[in-house]
Amino acid sequence: MEKRRDITFDIAKGIGIVLVVIGHYIPANAPEWYIAFTRFIYHFHMPLFFLIAGFFYERSTRKESYGAFVWNKFQRLMFPYFILSWAIIGVKIGLDNYLQVDHPVTLDTLYRVFYLPEAGYFLWFVYVLFLIFCIVPFFKPGKRLIILSLIALGIAFWNTAPTYCCFNLVCRNLIFFVVGMWTARKVWLERLMNRHLFLWTVLTVSLSIVYAYLPQRFFALSLTVIMGVTGSYMVVSLSQRIARCNHKMAMIFNRLGGMSMTIYLFHTWVMGGGKAILTYISFGENILEFILSSLFIIGTGLIIPIWLYRWVWAKNKFTSRIFK
């Protein structure tokens, strides 16, 4: 009998990308409870993706040279980074004379994207993930992971790290990739992650409340690292519960997880169009309209990128690979 594939991490990525899309929609008229929720999910929705990437990197048994590995990751991550960055620059420059453009750019940005994702700042994730993939192969074998862990833990608290080449974001997120590697390596850690949904939820919520009342110093920074891990474990544990239920929710999040990269790359474009439409018709003036407009914009940010991939990018071998 064929072993059934574990879809827990696909579901986790599905939940994670929904949280990312929600976190990127914070209109000026958002009620306080919505703002509080987005602040809460920001503690762990991106660490989750780094942790999952580290988990599967550690579990990978594929044998290839360092050069081949990095080139494969460059195609997968940096091709869409540069293509979308330059497309955003072209669109912004083209529309600048006709419409008010958020975060306007100049032609100089065409080369600045090599060391800073200022054309579309949301693309920092793929840039940072690529840099991490360039670093970790030197530390994967045996006890070298201990050295990488000490380095990651140390630089996680470097709050004055330079921003060039997103080095500050590498410092902030390498620790979560390393935790993912340890989780894949140690069976007891994987069991902790999968089996204690209540514990991880209580810890994450409690620490987020404490964090809200702390000054931005070392202890607060420590809490962000801890919440990145407990929040990620919370989502994976929840995904384990959903996967066991074997119902429509599992299918939906599994589908979203499989398309999480294409949603990440294109959701801000789609949501920008949705916000422009709602602004034109003056929608969202009261709480009911806010909820309906939020569902509309968040929903289109999730669904239209999938539709775009299915009917446009999937028709070409190159785009079908780099945009999924």
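Counting in my numbering, the sequence shown tops out at residue 623, every number present. Think of the CB as a built atom: it goes at the ideal place given N, C-alpha and C, for glycine as much as any other residue.
{"Query": "Rounded separation between residue 314 and residue 605 - CA only", "Result": "15 Å"}
{"Query": "Buried versus exposed, by CB contacts within 10 Å (16 or more), residue 608", "Result": "buried"}
{"Query": "Identity of the residue in 563, 432, 496 and 312 nearest residue 368 by Cα", "Result": "432"}
{"Query": "Nearest-angstrom Cα separation, counted from residue 448 out to residue 455", "Result": "10 Å"}
{"Query": "Option in 345, 373, 494 and 560 with minimal Cα separation from residue 658", "Result": "Residue 658 is absent from the model: the chain starts at 300 and stops at 623."}
{"Query": "Status (buried if at least 16 other CB within 10 Å, exposed otherwise) for residue 407", "Result": "exposed"}
{"Query": "Cβ pair residue 480, residue 343 closer than 8 Å", "Result": "no"}
{"Query": "Extent of the continuous alpha helix (DSSP H) to which residue 557 belongs", "Result": "547-557"}
{"Query": "Where residue 341 sits in the DSSP three-state scheme", "Result": "coil"}
{"Query": "Classification of residue 546 by the beta-carbon crowding that lies within 10 angstroms, buried from 16 upward", "Result": "exposed"}
{"Query": "Backbone CA spacing between residue 430 and residue 585 [nearest angstrom]", "Result": "44 Å"}
{"Query": "First and last residue of the uninterrupted alpha helix (DSSP H) at residue 366", "Result": "365-372"}
{"Query": "Whole-number beta carbon distance between residue 538 and residue 350, since they are thought to touch under 8 Å", "Result": "So it is not a contact: roughly 12 Å between Cβ atoms."}
{"Query": "contact_flag[the segment 551-570, the segment 306-325] where n(CB pairs < 8 Å) is 3 or more", "Result": "yes"}
{"Query": "DSSP state of residue 472 mapped onto helix, strand, coil", "Result": "helix"}
{"Query": "The segment 555-563 contacting the segment 508-523, beta-carbon criterion three pairs below 8 Å", "Result": "no"}
{"Query": "Candidates 425, 553 and 382, of which the one nearest residue 346 by Cα", "Result": "425"}
{"Query": "Segments of 4+ residues assigned as alpha helix (DSSP H) that fall wholly inside the segment 474-509", "Result": "486-494"}
{"Query": "Alpha-carbon to alpha-carbon, residue 587 and residue 373", "Result": "44 Å"}
{"Query": "Residue 468: CB within 7 Å of a non-hydrogen atom of the ligand ATP", "Result": "With respect to small molecules bound, the structure shown includes none, and the ligand ATP cannot be examined in it."}
{"Query": "Extent of the continuous alpha helix (DSSP H) run through residue 443", "Result": "443-454"}
{"Query": "Opening and closing residue of the alpha helix (DSSP H) in which residue 310 lies", "Result": "307-322"}
{"Query": "Reference residue 339, options 503, 550, 536 and 534, closest by Cα", "Result": "503"}
{"Query": "Selected residue, minimal CA-CA separation from residue 379, among 422, 357 and 409", "Result": "422"}
{"Query": "Own chain partners of residue 337 with C-beta closer than 6 Å, once the 5 adjacent residues on each side are dropped", "Result": "322 and 325"}
{"Query": "Same chain, Cβ closer than 6 Å to residue 460, neighbours up to 5 away in sequence not counted", "Result": "466, 467 and 470"}
{"Query": "Spatial neighbours of residue 305 in its chain, beta-carbon cut-off 8 Å, leaving aside the 5 residues before and after", "Result": "542"}
{"Query": "Alpha helix (DSSP H) segment containing residue 462, residue limits", "Result": "It is not in any alpha helix (DSSP H) - residue 462 carries neither H nor E in the DSSP assignment."}
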